[in-house]
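When we follow this note's numbering, the leftmost residue of the sequence shown carries the number 35, and every step to the right adds one.
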Amino acid sequence: MVFVVLLNRKGSTTPMYRLGIALLLSMIAAISYFPLTSLAIKETPSVTDWQGITYWIIGHLIYAFIMLIMPFRFNQKHKFLFY
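Next comes the structure, spelled out in structure tokens:
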């Protein structure tokens, strides 16, 4: 949702701009792994579990890549249509 708001605010949907925004948001998510894991109420993988950290970061990088390749079309009836 933050990704779409940032694209809508700037008005630029070039692939490099989308990549930059997607990577920035993914980096913020990756950095938040350690404090969120420490504060979690439910059991989570330890912050020293490199396999868990690797899966978590890879998942966010895949999300960034999907956001990069997902084309956006502006439509007056619907603010954003994803296809």
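Beta carbons: idealized from backbone N, C-alpha and C, even for Gly.
| Item | Value |
| --- | --- |
| ILE75 by DSSP, collapsed to three states: which one? | coil |
| Between which two residues does the alpha helix (DSSP H) harbouring SER66 extend? | Neither: SER66 is in no alpha helix (DSSP H) and is coded neither H nor E. |
| Exposed or buried, what is ILE55 when buried is set at 16 or more other beta-carbons lying within 10 Å of its beta-carbon? | buried |
| Classify ARG52 as buried or exposed, calling it buried when 16 or more other Cβ atoms lie within 10 Å of its own Cβ. | buried |
| Grouping DSSP H, G and I as helix and E and B as strand, with all else coil, what is THR48? | coil |
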